[in-house]
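Read through the structure below, which is laid out as structure tokens, and then see the notes.
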Amino acid sequence: MTLVVASIIVFFALEIVPGDPAEVMLGINATDEAVAALRESLGLNKPVLERYFSWTTGMLVGDFGRSYTYSVDVVELVSERVVISLPLALMALALSTAIAIPVGLYAAVRRGKLTDTLVMGLTQLGIAIPNFWFALLLVYVMAIWLQLLPGGGFPGWENGIWNGIKALLLPTVALALPQAAILSRVTRSSLLETLGEDYIRTARAKGLSQRAAVLNHALRNAMIPVVTILGLQFAYLLAGTIIIENVFYLPGLGRLVFQAINLRDLIVVESVVMMLVFAIIVINLIVDLAYAWVDPRLRIRSA
Amino acid sequence: MLAIKDLSLSIGGTPILKDIDLSLEKGRILGVVGESGSGKSMTALSAMQLLPEGSVTSGSIMFEGHSLLGASDTLMQDLRGDDIAMIFQEPMTALNPVHTIGDQIAEGIILHDGAGRQEAETRVHELLNLVGLPPERFPLSRYPHELSGGQRQRVMIAMACAQRPSLLIADEPTTALDVTLQAQILRLLRDLVEQTGMGLMLISHDLAVVAEVTDDIVVIRDGRVLDAGPTGSVLRELKHPYTRQLAEASSHVPAKTRPPVLTADQERVQASPMLELRSVSRVFPTRRKSLWRKEPPFIAVDDVSLTVYPGQSIGLVGESGCGKSTLARMILGLDAPTNGTVHFLGTEFHTANHDEIRDVRKNLQVVFQDPFSSFNPRHKVARLVAEPLYLEPELSNDQKHERVVRALLEVGLDESAMDKYPHEFSGGQRQRLAIARALITRPALIVADEPVSALDVSIRAQVLDLLSELRERLNLAYLFISHDLGVVRAICDEVFVMERGRIVEHDTVAQVFDQPKSDAAKALVRATPDLERALAYRKDVASVEKVELR
Amino acid sequence: MKARSFHQRALNNRNFVVGLVISGMVVALALTSFLWTPYDVTSLEIGSKLQSPSSDHIFGTDHFGRDIFSMIMVGARNSIAVAFVAVVLGLGIGVPIGCWAAANRGIIDEALMRGNDVIFAFPALLSAVIITAIFGPGAINAIIAIGIFNIPVFARLSRGAALALWPRDFILAARAAGKSRSLITIEHIVPNMLNLLVVQGTIAFALGILQEAALAYVGLGTQPPFPSWGKMLNEAQTMMSFAPHMAIFPGLAIVITVLGLNLLGDGLRDLLDPKLARERS
Numbered sequence: 000m001t002l003v004v005a006s007i008i009v010f011f012a013l014e015i016v017p018g019d020p021a022e023v024m025l026g027i028n029a030t031d032e033a034v035a036a037l038r039e040s041l042g043l044n045k046p047v048l049e050r051y052f053s054w055t056t057g058m059l060v061g062d063f064g065r066s067y068t069y070s071v072d073v074v075e076l077v078s079e080r081v082v083i084s085l086p087l088a089l090m091a092l093a094l095s096t097a098i099a100i101p102v103g104l105y106a107a108v109r110r111g112k113l114t115d116t117l118v119m120g121l122t123q124l125g126i127a128i129p130n131f132w133f134a135l136l137l138v139y140v141m142a143i144w145l146q147l148l149p150g151g152g153f154p155g156w157e158n159g160i161w162n163g164i165k166a167l168l169l170p171t172v173a174l175a176l177p178q179a180a181i182l183s184r185v186t187r188s189s190l191l192e193t194l195g196e197d198y199i200r201t202a203r204a205k206g207l208s209q210r211a212a213v214l215n216h217a218l219r220n221a222m223i224p225v226v227t228i229l230g231l232q233f234a235y236l237l238a239g240t241i242i243i244e245n246v247f248y249l250p251g252l253g254r255l256v257f258q259a260i261n262l263r264d265l266i267v268v269e270s271v272v273m274m275l276v277f278a279i280i281v282i283n284l285i286v287d288l289a290y291a292w293v294d295p296r297l298r299i300r301s302a
Numbered sequence: 000m001l002a003i004k005d006l007s008l009s010i011g012g013t014p015i016l017k018d019i020d021l022s023l024e025k026g027r028i029l030g031v032v033g034e035s036g037s038g039k040s041m042t043a044l045s046a047m048q049l050l051p052e053g054s055v056t057s058g059s060i061m062f063e064g065h066s067l068l069g070a071s072d073t074l075m076q077d078l079r080g081d082d083i084a085m086i087f088q089e090p091m092t093a094l095n096p097v098h099t100i101g102d103q104i105a106e107g108i109i110l111h112d113g114a115g116r117q118e119a120e121t122r123v124h125e126l127l128n129l130v131g132l133p134p135e136r137f138p139l140s141r142y143p144h145e146l147s148g149g150q151r152q153r154v155m156i157a158m159a160c161a162q163r164p165s166l167l168i169a170d171e172p173t174t175a176l177d178v179t180l181q182a183q184i185l186r187l188l189r190d191l192v193e194q195t196g197m198g199l200m201l202i203s204h205d206l207a208v209v210a211e212v213t214d215d216i217v218v219i220r221d222g223r224v225l226d227a228g229p230t231g232s233v234l235r236e237l238k239h240p241y242t243r244q245l246a247e248a249s250s251h252v253p254a255k256t257r258p259p260v261l262t263a264d265q266e267r268v269q270a271s272p273m274l275e276l277r278s279v280s281r282v283f284p285t286r287r288k289s290l291w292r293k294e295p296p297f298i299a300v301d302d303v304s305l306t307v308y309p310g311q312s313i314g315l316v317g318e319s320g321c322g323k324s325t326l327a328r329m330i331l332g333l334d335a336p337t338n339g340t341v342h343f344l345g346t347e348f349h350t351a352n353h354d355e356i357r358d359v360r361k362n363l364q365v366v367f368q369d370p371f372s373s374f375n376p377r378h379k380v381a382r383l384v385a386e387p388l389y390l391e392p393e394l395s396n397d398q399k400h401e402r403v404v405r406a407l408l409e410v411g412l413d414e415s416a417m418d419k420y421p422h423e424f425s426g427g428q429r430q431r432l433a434i435a436r437a438l439i440t441r442p443a444l445i446v447a448d449e450p451v452s453a454l455d456v457s458i459r460a461q462v463l464d465l466l467s468e469l470r471e472r473l474n475l476a477y478l479f480i481s482h483d484l485g486v487v488r489a490i491c492d493e494v495f496v497m498e499r500g501r502i503v504e505h506d507t508v509a510q511v512f513d514q515p516k517s518d519a520a521k522a523l524v525r526a527t528p529d530l531e532r533a534l535a536y537r538k539d540v541a542s543v544e545k546v547e548l549r
Numbered sequence: 000m001k002a003r004s005f006h007q008r009a010l011n012n013r014n015f016v017v018g019l020v021i022s023g024m025v026v027a028l029a030l031t032s033f034l035w036t037p038y039d040v041t042s043l044e045i046g047s048k049l050q051s052p053s054s055d056h057i058f059g060t061d062h063f064g065r066d067i068f069s070m071i072m073v074g075a076r077n078s079i080a081v082a083f084v085a086v087v088l089g090l091g092i093g094v095p096i097g098c099w100a101a102a103n104r105g106i107i108d109e110a111l112m113r114g115n116d117v118i119f120a121f122p123a124l125l126s127a128v129i130i131t132a133i134f135g136p137g138a139i140n141a142i143i144a145i146g147i148f149n150i151p152v153f154a155r156l157s158r159g160a161a162l163a164l165w166p167r168d169f170i171l172a173a174r175a176a177g178k179s180r181s182l183i184t185i186e187h188i189v190p191n192m193l194n195l196l197v198v199q200g201t202i203a204f205a206l207g208i209l210q211e212a213a214l215a216y217v218g219l220g221t222q223p224p225f226p227s228w229g230k231m232l233n234e235a236q237t238m239m240s241f242a243p244h245m246a247i248f249p250g251l252a253i254v255i256t257v258l259g260l261n262l263l264g265d266g267l268r269d270l271l272d273p274k275l276a277r278e279r280s
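These protein sequence lines map, in sequence, to chains V, L and F. Residues in the first sequence are numbered consecutively from 0, following numbering that gives the first Met the number 0. Residues in the second sequence are numbered consecutively from 0, following numbering that gives the first Met the number 0. Residues in the third sequence are numbered consecutively from 0, following numbering that gives the first Met the number 0.
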């Protein structure tokens, strides 16, 4: 449902784009006949609705159409880019979760102590740092100054997985750290809230130590808002890759979109945006399933 | 077994408890009584050593040879849940929503006895049987949200009794429950004390509850013990003025100087009915639980007919969830009935036009249960009390001001209240403000939804007096909604008893109390804690015991 | 606690004071830039290009010889204006939608919130990409893109707050007094969610500055020659190896501004909503 609405918005929004792709492709010196001929061959002279339906039905069977400028199938174009963007987003998500949950837990347990104040100050700073600037600094320190890691470009997975991962390492860190700052704050405040719940007192009254009460009773309840934020963050990470890819000159989906915008290659822009929206919707679905796993109250009773 | 001596406590510099002394032996039940804020819960948490951060204590708490005050965490963790166990007030939040009840009960057993899963499970089965939740009907794999409040409280009790503790602390274990459930839980606790020989410390604000089940009693106010001794003699002799005050307040009946207005009495009821409900039903559609099955819709109110004549005071009683609040909303025109009609002064809300509704609303006002949430915290009293005057746009500002002053005077407040915000008033004063707001349009009928159940007993008595007096002076009719028969008895002429959306009994107050006919009414009457009845019962038991001693 | 005035509590709240001072300084810099900057940001002096920070140019100069400190001052205007208008847009459209949905429930509510979900599925950057593809890059489009993203945020927040308020007794009392839903919304609902809106507004403001910088950085925001922080970082990127100061100072400007606003938001939350503050600390 959301997908259909999104497809309508994306398609018709881009329909009113000023600038005719045929004119852009042929340059300003092209004759009118040549432009008309190209429009014909691209199918641009068909009615809008017909093109919308052929586009959407095409997407359903995996046919995203053909790029005007690259003259290859969009699917092909996208699939060679997605192998960079998706691993990047997933690695960043994993890294940010791996950092944030322990940090949030630690800060919550040591609430009010010096370490808590320190950690929370750092996360406050982390939230304020734009990820692309952080990326620039990383490049300067790690690539230019210390020359430890490559500062940009992508060798391709066929040249060894390790080389590929090495190229994605700095972008991953740049994406993950600001997100980890937000996530650890959410984890901390959510945990603090659950620690004040009656059932924690019940657990303590049963004879559980503070530590056992936190791990067995508070943590899982505290994960409910964290899962929500995680879902949202994946959307931001996907959007974030668009920018980070530009910092590191990674040939991913993000750069594809920008090149396509500049070249008025609508079908590519439409398709990539739709794929991102689709990915975000899938993530939301996973988040809903994760809710049910964490919180039995949300499970559908079968009896 | 438990001896608390000179216990003082302050939290963040604020003194909470001063020199508390009390003791409890095995197999006995000690009642700790006090109004809200008296420090009775903090006394219990001191014994558990689960006080909030920033607490400073002095004195001593001895339990079976251990000194608990300042005991190490390791010692307390060994004792808690094993030798000392505790039950809390709010069964809805005291259980962890993401673990099954079986796991939660077993947790303590595994922790303290190092029992295996299999063994723990067998014990959990026994415990659930003990508290009246047979595992055949309540499998261990249930989650707390699949149980009702009373069932959850039973789970809490099972959890607390898992290790056969020698001391059980129950902090207002029945306050959040309906009276019928309250009676069941109290009986269960008393039986457990008899069977296991543990000591029970029962904390309550309700003197009648304590009178029914305890052996000894301690009365606390402002962190001090005011009165203590065997329950029977303390409550019969009422030596201490505060104990006397509590006892009087809890069995308080406002003086009724005028005879009740009865429907059957045609002479007094010359007028036509003021409020008339004809076969009113309200059905709520239920959420689809799965793709294949549609749950039957929930019938909150089922075919209710009810009449109120001018000047009558009518009670509407029933357990929570019986539909009485939904009914009230329909009477107030806040919700439309699915079937049937509600006529007030001849007008039907959801078919009448704007002007008609305005005329009628002036005569129909409402007082809610919670004095804390019934005022917009951002407005001053003058504006809050004047809100219903929206219905009388013809009034000038001066006239409005004058009406507010009058309404405030009627409820025993004065003009100085007008410039204050609601948070500057106590609970009882706020309920007076709520009544002033209801009076300001000079209504004929006031719908009062549990108007005193959130108040402490002594305040409750004052508010009931006020309501009774106002009725007399202003010739008001009341529709009193309550789960508490004591309140209804004090102030109503006639009672309607509701059960599962239906009216199951309608009669005069005296009749319903003395000879209840329906099961619902019988259960309500039987379960209502009643100080005098409890004492009378105790006297019998005591004389029997004495006879046996000889 | 109750006896102390709002002023006293505010002065004792470290987050609030620090946040207020930082935000105030940034705004002051932006305002000053209308009247005076150390150097003219439009004149190019190739002779003094790529200078490191010195007493003449405290933050150094860029590849066209422009004074970076002056550019940051002028850029502040742009960041603040874009983020502020985007917040106003989100508040102005989102709050009425949320309140309306909460007051009427039913199908309208469902439809509005579904619509919200659709918009919410587009991160601001994605909608900015689409909008820029349509209208071309520019500050106005950045505002629209960020503003559109803010609408569902405020709509959800106000709907949630309103739904929590509707069943409260004082609302029922107002309804029993015969007031209409829209009047109750104006009189009782909105005033009781103001605190939340102020706090969320501050946070959205900070986020807006970050998003504006990101858009400008990838060339979708404010266009040259008008200076903006994101654009400055973009230009600095190719000169990282020999002029790192070009990247460091505009970035610091963003960090400090956002940090100040976030602290201000946290402080306000503590001050305005004692319940929330208790849960957080």
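Every residue, glycine too, gets a C-beta built ideally from N, C-alpha and C.
Quick one: Cα of residue i to Cα of residue j, how far?
i: Arg268 (chain F); j: Val185 (chain V); result: 15 angstroms
i: Thr114 (chain V); j: Ala106 (chain V); result: 7 angstroms
i: Trp340 (chain V); j: Gly163 (chain V); result: Missing from the structure shown is residue 340 (chain V); chain V here goes from 0 to 302 and no further.
i: Pro370 (chain L); j: Ala246 (chain F); result: 59 angstroms
i: Pro272 (chain L); j: Ile184 (chain L); result: 42 angstroms
i: Leu219 (chain F); j: Asn14 (chain F); result: 33 angstroms
i: Leu44 (chain L); j: Leu50 (chain L); result: 6 angstroms
i: Ile143 (chain F); j: Ile280 (chain V); result: 23 angstroms
i: Glu196 (chain V); j: Ala204 (chain V); result: 13 angstroms
i: Met222 (chain V); j: Val293 (chain V); result: 7 angstroms
i: Ala526 (chain L); j: Glu318 (chain L); result: 11 angstroms
i: Ala80 (chain F); j: Phe33 (chain F); result: 13 angstroms
Counting along the chain, where does the beta strand (DSSP E) carrying residue i start and finish?
i: Val446 (chain L); result: Leu444 to Asp448
Which term fits residue i, buried or exposed, when burial requires 16 or more other beta carbons within 10 angstroms of its beta carbon?
i: Gly38 (chain L); result: buried
i: Pro249 (chain F); result: buried
i: Trp144 (chain V); result: exposed
i: Thr306 (chain F); result: Examination of residue 306 (chain F) is not possible in this model, given that chain F is present from 0 through 280 alone.
i: Arg113 (chain F); result: exposed
i: Tyr248 (chain V); result: exposed
i: Asp413 (chain L); result: exposed
By the DSSP assignment, the alpha helix (DSSP H) with residue i in it spans what residues?
i: Thr558 (chain L); result: Residue 558 (chain L) falls outside the range modelled here, since chain L spans only 0 to 549, and no answer is possible.
i: Asn338 (chain L); result: It is not in any alpha helix (DSSP H) - Asn338 (chain L) instead sits in the beta strand (DSSP E) that spans Asn338 to Phe343.
Mind reading off the beta-carbon distance from residue i to residue j? Whole number of angstroms is fine, and I expect it under 8 angstroms.
i: Ile104 (chain L); j: Ala157 (chain L); result: 5 angstroms
i: Val316 (chain L); j: His98 (chain L); result: With a Cβ gap of about 37 angstroms, Val316 (chain L) and His98 (chain L) do not count as contacting.
TODO: Run through the stretch 10-53 of chain L for me and flag every whole beta strand (DSSP E) of 3 or more residues, listed as ranges in chain order.
DONE: If only complete runs of 3 or more residues are kept, the stretch 10-53 of chain L shows the beta strand (DSSP E) at 13-23 and 28-32, in order along the chain.
- [ ] Output the residue ranges of the beta strand (DSSP E) runs that lie fully inside the stretch 64-94 of chain L and measure 3 residues or longer, sorted by chain position.
- [x] 83-86
- [ ] Report the residue ranges of all alpha helix (DSSP H) runs contained in full by the stretch 130-173 of chain F; include only those spanning at least 4 residues, in chain order.
- [x] 138-164
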